[in-house]
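Sequential numbering from 1 applies to the sequence shown in full-length UniProt numbering. Yeah, the Cβ is synthetic: ideal placement off N, Cα and C, and Gly gets one too. In this text the structure is predicted, and so the values were computed from the model without any measurement. The structure appears right after this line, and notes come after that.
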Amino acid sequence: MPTSVVTGGAGFLGSHLCEALLARGHRVICVDNLETGSLSNIEHLRGSQFVFRPHDMTVHVQIDEPVDFVYHLASPASPIDYLRLPLQTLKVGSYGTHNALGLAKVKRARFLLASTSEVYGDPQVHPQPETYWGHVNPIGPRGVYDEAKRYAEALTMAYHRQQGVDTAIVRIFNTYGPLMRPHDGRAIPTFMRQALEQKPLTVFGSGLQTRSFCYVDDLVRGLILLAESGEHLPVNIGNPTEMSLLELAETVIRVTGSTSQIVFEALPVDDPQVRQPDITRARQLLGWEPQVGLEEGLQKTLASLGRESARA
Ligand code: NAD
1 MPTSVVTGGA GFLGSHLCEA LLARGHRVIC VDNLETGSLS NIEHLRGSQF VFRPHDMTVH
61 VQIDEPVDFV YHLASPASPI DYLRLPLQTL KVGSYGTHNA LGLAKVKRAR FLLASTSEVY
121 GDPQVHPQPE TYWGHVNPIG PRGVYDEAKR YAEALTMAYH RQQGVDTAIV RIFNTYGPLM
181 RPHDGRAIPT FMRQALEQKP LTVFGSGLQT RSFCYVDDLV RGLILLAESG EHLPVNIGNP
241 TEMSLLELAE TVIRVTGSTS QIVFEALPVD DPQVRQPDIT RARQLLGWEP QVGLEEGLQK
301 TLASLGRESA RA
């Protein structure tokens with residue numbers, strides 16, 4: 001039975017990944033300091049094959065048993081979190097990634113870095129292929145996240161080239177689904193919360209800026225396929241169906257059956273104008289395609305909100 005370490009395993013994506021790995025017959029060691037994650041995300045996973053290790057990844061991690069895969073997801077991820085935790089974000093991207101790579105090296109495990117489409121910044125190439133180097137403001141408020149991830153990618157490639165660690169890098173585009181925190185500041189949970197409370201949906205700027213939203217099950221399938229492949233260079237995983245934030249708000253109102261209106265607020269600093277993954281590499285290398293469309297994914301997310309509030 002393979003053993004997977006998932007750093008950040010008590011977060012939104014990490015908890016879904018832990019669940020999928022357990023279903024695949026892995027033993028899972030979830031390492032998390034609960035900075036932005038929560039025990040309620042992993043309560044349903046408790047069992048003989050699941051271990052929770054409370055630990056801050058910026059500090060050396062000791063694991064005594066053999067490990068086959070290290071999935072490194074630990075990092076604040078929503079703008080609200082990384083703007084509140086700028087130093088923690090830079091430290092987990094640097095020291096945390098260094099420690100996770102060190103663990104993979106000692107265990108001779110396959111390592112997967114959860115990087116982000118934010119490495120492309122406010123892109124001047126559209127859609128974004130992995131060969132695009134990006135357009136990031138290093139000293140703007142968002143730079144703490146974007147540059148932490150760019151550094152983490154450089155560190156991962158250095159461990160691969162100099163130390164022979166078997167590494168992979170996934171650039172994750174906006175992902176949504178059950179277990180997102182209603183107040184985490186990202187567009188879909190914010191719009192859903194506002195729609196369900198019959199409050200106005202707050203769209204930033206003109207709302208014409210675009211994003212591409214991937215349902216969490218599709219994303220997690222892509223992470224596992226990449227970890228189990230032999231690929232070392234970055235691979236985009238995201239849904240290429242692009243839409244404006246205004247269209248997203250209208251879709252959320254329709255799916256939730258809400259009577260809410262849409263209001264406009266100031267655009268955050270350095271907010272990207274467009275965002276769409278080029279997934280040619282994921283298709284060719286992994287045979288990966290997203291399967292869940294936005295309306296279906298929003299329905300599933302909506303259905304889960306009832307289950308989560310019943311559990312809470
Ligand atoms: P999340 O905030 O829900 O989860 C992150 C987890 O990491 C949390 O459980 C948090 O407690 C943990 N963590 C943070 N700092 C830590 C530290 N120093 N030591 C140990 N644990 C720590 O965010 P998420 O959306 O699940 O994102 C997971 C990963 O995927 C992140 O690396 C993020 O950058 C990346 N990502 C996510 C998205 C997305 O749309 N959700 C998009 C691009 C990239």
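Keeping to the same chain, check which residues put their C-beta closer than 6 angstroms to that of residue i; ignore five residues upstream and five downstream.
| i | result |
| --- | --- |
| Y215 | G177, V292, G297 |
| A20 | V220 |
| P268 | none |
| G37 | A10, G11 |
| Q261 | P200 |
| P76 | T36, Y82, L85, T89 |
| V136 | G121, D146 |
| G205 | L267 |
| R142 | D270 |
| E265 | T202, F204 |
| I279 | N236, P240 |
| P138 | E147 |
| P234 | E130, I169, R171 |
| N174 | R211, F213 |
Look up residue i in the DSSP assignment and say whether it is helix, strand or coil.
| i | result |
| --- | --- |
| N33 | coil |
| S78 | coil |
| P277 | strand |
| V61 | coil |
| H26 | coil |
| T156 | helix |
| H232 | coil |
| V269 | coil |
| S38 | coil |
| P141 | coil |
| V92 | helix |
| G102 | helix |
| T259 | coil |
| V252 | helix |
| D146 | helix |
| V220 | helix |
| L85 | coil |
| P66 | coil |
| Q163 | helix |
| R283 | helix |
| P189 | helix |
CB-CB under 7 angstroms to residue i, same chain, minus the five flanking residues each way: which ones, in chain order?
| i | result |
| --- | --- |
| Y225 | Before going on, a small fix: residue 225 reads as Leu here, not Tyr. Only L286, W288 meet the Cβ criterion. |
| H163 | The identity of residue 163 in the sequence shown is Gln, whereas the question assumes His. K105. |
| T259 | Q198 |
| H55 | V31, N33, V61 |
| Q124 | H135 |
| Q49 | L22, R27, V28 |
| T256 | M192, A195, L196, L302 |
| T116 | K149, R171, I172 |
| Y159 | L101, K105, V165, T167 |
| residue 315 | Since the first residue shown for the chain is 1 and the last is 312, residue 315 is missing from the structure and cannot be characterised. |
Spatial neighbours of residue i within its chain, please: C-beta separation below 8 angstroms, excluding the five flanking residues on both sides.
| i | result |
| --- | --- |
| M180 | F12, R186, I188, P189, T301 |
| A229 | The residue you asked about is not Ala; residue 229 is Ser in the sequence shown. Hits under 8 angstroms: A168, L285, L286. |
| L73 | V6, T7, G8, G9, G11, L13, G14, L17, A114 |
| A109 | V5, V67, D68, F69, V70, L103, D166 |
| V263 | P200, L201, T202, V203 |
| L155 | S94, T97, H98, L101 |
DSSP has residue i in a bridge; who is on the other side?
| i | result |
| --- | --- |
| T112 | The sequence shown places Leu at residue 112, not Thr. According to DSSP, L112 bridges with Y71, A168. |
| P54 | D32 |
| H135 | G121 |
| S244 | T210 |
| Q194 | None; Q194 has no bridge partner. |
| G47 | F50 |
| V203 | F264 |
| residue 316 | Because the chain here runs from 1 to 312, residue 316 falls outside it and cannot be looked at. |
| Q128 | P277 |
| I237 | I172 |
| G215 | Looking at the sequence provided, one finds Tyr at residue 215 rather than Gly. Answer by DSSP bridge pairing, in chain order: Y176. |
- Item | Sufficient close CB pairs (3 or more, under 8 angstroms) joining the region 130-148 to the region 246-259 | Taking a cut-off of 8 angstroms on C-beta distances, the region 130-148 does not touch the region 246-259, as fewer than three cross pairs fall below it.
- Query: Between the region 90-102 and the region 144-151, do three or more beta carbon pairs fall short of 8 angstroms?
  - Reply: Touching, yes, given that three or more Cβ pairs across the two stretches are closer than 8 angstroms.
- Could you tell me whether the region 98-113 touches the region 38-45, using the rule of 3 or more Cβ pairs below 8 angstroms? No, because fewer than three Cβ pairs between the region 98-113 and the region 38-45 fall closer than 8 angstroms, the two stretches do not touch.
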